[in-house]
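In our numbering, the protein residues as written are 4 to 108. Every residue, glycine too, gets a C-beta built ideally from N, C-alpha and C. In this text, all values refer to a predicted model and were calculated from it rather than measured experimentally.
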Amino acid sequence: MEFQYIFLAIFAAIIAYWLFQVSTKGFKGALFGGAIERTVGEITLARRGILGGRLKVHRVAAEHGRMVGIEIVFWTPLSYQMIPVTLTSEEAKRLGEMLTQAIGI
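Now the structure itself:
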């Protein structure tokens with residue numbers, strides 16, 4: 004019987020933490036680990052059959068400085084998937100370099 008109360012308390016603490024994060028940073032901000040300051044740009048990805056996609060780049064205000072948030076969204080008529088990726092400034096610079104190398108500039 005005590006295990007049930009411990010489990011319920013842990014579950015309630017996790018829900019309370021998540022609700023606090025969403026209320027202070029917004030839903031997407033909670034996924035990125037900080038409030039979204041602004042959306043820098045958006046690219047509509049080429050459709051592949053019924054699969055559509057979009058890539059958005061956000062500037063994120065995190066606790067330890069500014070970060071770059073990349074939001075990758077895929078959808079079909081019956082599904083939706085959003086993948087948040089948060090990068091430090093150095094990681095974002097490295098990603099830019101790798102993309103430049105990949106296109107051969």
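Taking residue i as the reference, which of the options has the closest Cα?
i: R57; options: W78, V63, Q104, G72; result: W78
i: P80; options: R69, G55, A95; result: G55
i: I46; options: E74, E66, M70; result: E74
i: L90; options: G99, S82, A19; result: G99
Which residue comes first and which comes last in the beta strand (DSSP E) that contains residue i?
i: G99; result: That residue, G99, is in no beta strand (DSSP E); its alpha helix (DSSP H) goes 92–106.
i: G56; result: 54–65
i: G36; result: First-last for G36: undefined, no H or E at that position.
Buried or exposed for residue i, please, with buried defined as at least 16 other CB atoms from any protein chain shown within 10 angstroms of its CB.
i: F23; result: exposed
Give me the Cβ distance between residue i and residue j, rounded to the nearest whole Å; I'm assuming they're in contact under 8 Å.
i: G37; j: A64; result: 5 Å
Can you find the residues in the same chain that come closer than 6 Å, C-beta to C-beta, to residue i, ignoring five residues on each side of it along the sequence?
i: G68; result: none
i: L34; result: P87
Here's a check: name, in chain order, each residue in its chain whose Cβ is nearer than 7 Å to the Cβ of residue i, leaving out the five neighbours to either side.
i: L48; result: G56, R57, L58
i: I9; result: none
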